[in-house]
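Undergrad: Provided herewith is a single structure, encoded as structure tokens, for subsequent inquiry.
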Amino acid sequence: MILSQDPSCIHRLPTEILIIIVRELSLLDSVESLSLVNQRLRMICSPYLFQKLKIPFSLAGLERLRHISSSHLAAHVRTLRYEPTELIEPLVQHHDYFRNCVYTPSEYARDRRDAYWNSYGTRISYTTIQNYFSRLADEQQRILERGRDLVTFQTCLPRLVNLKSIQLHFVEGIKEPFRWFAGRVFVDWKDSFPDRFKSILHAMIRAKDNGVAIRTFQISGFYSRLLVSNSELPSLASDALSSVEDLQLIDSPSMLEFMSYLVLRYQLVFPFAYFAGTAVCNTVGVHSISEAGVRAAQISMITLLLLCWTGDHEIGAFILGIELATYHFIHRIAAFVAVIEAAIHVVIAAQQTHFSASDSSQFYGLLSKRWVLLLAILSAVTGALQFIRIMYRNIPHRRSVKFLTENCGADALRLNLSLPRPWRIRAGQRVYVSIPRVGLLYMFQPHPFTIAWWEDDGNGSMFSITLIVRARSGFTKKLLDHIESGCEGWAWIDGPYGPSSASTFGYSPEVGDYGHIIMVATGMGIVAQLPYIKELLDGQRQGQVRTRRISLVWRLEQEGDYELARDLLQALVKHDDSYMLKVTVYNKMGSPSEAPGAVGHHDLIAVYGGDVNWEDELSVELEKQIGTLLVTGIAAHGI
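With UniProt numbering applied, the sequence shown covers 1 to 639.
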């Protein structure tokens, strides 16, 4: 809009406003056009023009990287996109080889009659074809012979001090109208793409050693098979990617297998380190079998502290700030070690001590009083903390948590809980709920439910939350049997718990860090997706997320599914001021021949009959991709 007006209006805008305008421009072409207006705008646009640097596999591309990394523009580079290409047979540079072995003049005459070599009405000559591929082969060999790509990247990446993302996009590198012919000249070198991959890994290690924090690494179009045994590549990749938080693999099946192997190796580091450390503790300072038995007993008791220091795994994960799955993993490893150490102690003690029922120490002496005392203190402290937290959540100022039920079909209900104290809630969190009205015993059997919705006071504090419950068995079945729609009562809650910013082995990026998000849900899976959409929309209004497009595809599995979230979906599309949310609902029970429907605010919710073609849905979104893509799914098996 600004560019279409008189440029004089731009001159009058304050610099701060211009910076905001440039920052909000989504197309690079718009920024480039704006930078041509005058010197002032050129200075403002420069940081955004060079945030993403594209480097092709060519001498000119490597020279461009070298030039930018040596200038003041290096500080503006945030993303580096490198495009290695397929290698061309070096012998095509020789006229006789090309004429006799690659493409004979008679073949060219045949293809010319079939119009293969016509481009926009212009006929491509035989000499033009040979010269094109000869030039590419010559340039590639000049890069490979001197290892220019490796040297350039190792030299330049450490200079890009604000580099956060590397995109490795493997391409053919052949332009039209020569692309259809390229298969004849490509050389079948199995190490072609892996060598380019290794060059980038070496450069990333050099950059990391110089303090460059690369957080995102993306690979696309990689089909070469990578060896994981008898190769330096796995250890090289582990070192280079150790600080990467977001690993993205696109259309790279062999790379997926390779990275899975790396993740498995990474996950085994902790168990092996823990076992090795335990073995050292078992042997250092031990001079006899008797001392070894005593040491094993001490290690077993110490390890039990990791198992029993809290009465509940949720509160343990909450205190440590880790995911519940990570806590479970540590718990299993510690339990295994405790059992092994106890077995070692028992075997040694049984051989050295004669059992006597008259010796009372052989009963109570099996346990060390100080370790039992320490364990009791830890359990009491963590239990007290959890009790205080529960009391604080449930009974402030003589008020308590109240629930209000609302039926959503024959086997589901919505549980609205009013909170006596405001909470801070994040998408993905869960609470444990007890309702004495269902049964006295259920007062002591809290059940976990995902928070599907919340209402806030405008300051980020939530005063009510909504849970969606479907009857299965036990508590949920009794809840629907004993409580009718519109019923109010007293509830007891514990939470919220999860999610943690730390994944199983490392930092997990925020959902709002992705520019384009595809959410897939079937049936009750919608409950887990709603809070993330709500959080993203709130963050977008406050300018706190990078997300620019959200596509939700929900397949209804049974009658009544749509009632679970109908008004919540309508509230979301109404709350979406920027129209970045697209909601598509498929009714599995309906007929594909049914006319599509549109409901909700401004008819922004599309409803179709029949099953979903997931490949078509994904293809449509890929064509409209904005920024980095994230696909999340809470769906039935096989999707």
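Yeah, the Cβ is synthetic: ideal placement off N, Cα and C, and Gly gets one too.
Excluding five sequence neighbours on each side, which residues of the same chain lie with their C-beta closer than 8 Å to the C-beta of Tyr-392?
TA: Excluding residues within five positions, the ones whose Cβ falls inside 8 Å are Arg-421.
Undergrad: Could you give the distance in angstroms between the alpha-carbon of Ser-464 and the alpha-carbon of Ile-435?
TA: Taking the straight line from one Cα to the other gives about 17 Å.
Undergrad: Quick one: is Gln-542 buried, meaning 16 or more other Cβ sit within 10 Å of its Cβ, or exposed?
TA: So Gln-542 counts as exposed.
Undergrad: Can you name, in chain order, every residue of its own chain whose Cβ lies under 6 Å from the Cβ of Ser-503, other than the five neighbours on each side?
TA: Unreliable positioning characterises Ser-503 in this predicted model, as indicated by a pLDDT of 43, which lies under 50. A coordinate reading is not provided.
Undergrad: Do the CB positions of Gly-498 and Gln-429 come within less than 7 Å of each other?
TA: Yes.
Undergrad: Mind checking Ser-134: buried by the 16 CB within 10 Å criterion, or exposed?
TA: Looking at its Cβ environment, which holds 16 or more other Cβ atoms inside 10 Å, Ser-134 is buried.
Undergrad: Given a threshold of 16 other Cβ atoms within 10 Å of its Cβ, counted over all protein chains shown, does Met-519 qualify as buried or as exposed?
TA: Met-519 is buried by the Cβ-count criterion.
Undergrad: In chain order, which beta strand (DSSP E) runs of at least 3 residues are fully inside the region 557-606?
TA: The region 557-606 contains these whole beta strand (DSSP E) runs: 581-587 and 597-599.
Undergrad: Whether or not the region 87-95 and the region 126-140 are in contact is what I'm after, with contact meaning three or more pairs of Cβ atoms, one per stretch, closer than 8 Å; do they touch?
TA: The answer is yes - the region 87-95 touches the region 126-140, with three or more Cβ pairs under 8 Å.
Undergrad: Please give the ranges of any alpha helix (DSSP H) in the UniProt domain "FAD-binding FR-type" (390-503), keeping only runs that are unbroken, at least 4 residues long and fully inside the region.
TA: 475-482, all fully within the UniProt domain "FAD-binding FR-type" (390-503).
Undergrad: Report the three-state DSSP secondary structure of Ile-166 (helix, strand or coil).
TA: The answer is strand: DSSP assigns Ile-166 an E or B state.
Undergrad: Taking C-beta to C-beta, are Thr-382 and Ala-334 nearer than 7 Å?
TA: Their beta carbons are not under 7 Å apart, which means Thr-382 does not touch Ala-334 by this criterion.
Undergrad: Quick check: the Cα distance between Val-337 and Tyr-223, rounded to an integer number of angstroms?
TA: When rounded, the distance between both Cα atoms is 42 Å.
Undergrad: Between the region 203-211 and the region 143-157, are three or more C-beta pairs nearer than 8 Å?
TA: The region 203-211 vs the region 143-157: in contact.
Undergrad: Would a C-beta distance cut-off of 7 Å place Ser-252 and Thr-216 closer than the cut-off?
TA: Not in contact: Ser-252 and Thr-216 (Cβ atoms no closer than 7 Å).
Undergrad: Would you mind reading off the limits of the beta strand (DSSP E) that contains Asp-301?
TA: At residue 301 the sequence reads Met, which differs from the Asp that was named. It is not in any beta strand (DSSP E) - Met-301 instead sits in the alpha helix (DSSP H) that spans 289-308.
Undergrad: Could you tell me which of Val-511, Ala-376 and Ser-485 sits nearest to Arg-426, measuring between CA atoms?
TA: Closest by alpha carbon: Val-511.
Undergrad: Counting Cβ pairs closer than 8 Å, one from the region 580-590 and one from the region 466-482, do we hit at least three?
TA: Cβ pair count under 8 Å is below three, so no.
Undergrad: Hey, is the region 53-67 in contact with the region 82-90, meaning 3+ C-beta pairs nearer than 8 Å?
TA: Touching, yes.
Undergrad: Within the same chain, show all residues whose beta-carbon is closer than 7 Å to that of Tyr-432, passing over the 5 residues directly before and after it, in chain order.
TA: Around Tyr-432: Pro-446, His-447, Pro-448, Ile-493, Asp-494 and Gly-495.
Undergrad: Let me confirm a value: Glu-488 is counted as buried when at least 16 other C-beta atoms fall within 10 Å, else exposed. Which label applies?
TA: The residue is exposed, with fewer than 16 neighbouring Cβ atoms inside 10 Å.
Undergrad: Given a cut-off of 7 Å, decide if Leu-572 and Ile-533 are closer than it, judged by their beta-carbon atoms.
TA: In this structure, Leu-572 lies closer than 7 Å to Ile-533 by Cβ.
Undergrad: Nearest to Phe-270 by alpha carbon, out of Arg-332, Gln-298, Gln-544 and Cys-281?
TA: It is Arg-332.
Undergrad: Relative to the C-alpha of Met-255, which candidate in Asp-239, Glu-245 and Arg-225 has its C-alpha closest?
TA: Among Asp-239, Glu-245 and Arg-225, the Cα nearest to that of Met-255 is on Arg-225.
Undergrad: Cα separation between Leu-622 and Glu-145?
TA: Distance between the alpha carbons of Leu-622 and Glu-145: 38 Å.
Undergrad: Could you tell me the boundaries of the beta strand (DSSP E) in which Glu-83 lies?
TA: From DSSP, the beta strand (DSSP E) with Glu-83 extends over 79-83.
Undergrad: For a test of the three-state rule: what should DSSP assign to Glu-245, helix, strand or coil?
TA: In the structure shown, Glu-245 sits in coil (DSSP, three-state: anything other than H, G, I, E or B).
Undergrad: Which partner residues does Met-519 have in the DSSP bridge list?
TA: Its beta-bridge partners are Leu-552 and Thr-632.
Undergrad: Check the C-beta distance from Arg-148 over to Ala-74 and give it rounded, since I have them as a contact under 8 Å.
TA: Actually they do not touch by this definition, with Cβ atoms about 19 Å apart.
Undergrad: Checking the sheet assignment: what are the DSSP bridge partners for Pro-56?
TA: In DSSP, Pro-56 forms a bridge with Glu-83.
Undergrad: What residues in its chain sit with their C-beta under 7 Å from that of Phe-193, if we drop five residues either side in the sequence?
TA: Closer than 7 Å at the Cβ level, and outside the excluded window around Phe-193, lie Pro-84, Phe-170, Phe-222 and Ser-224.
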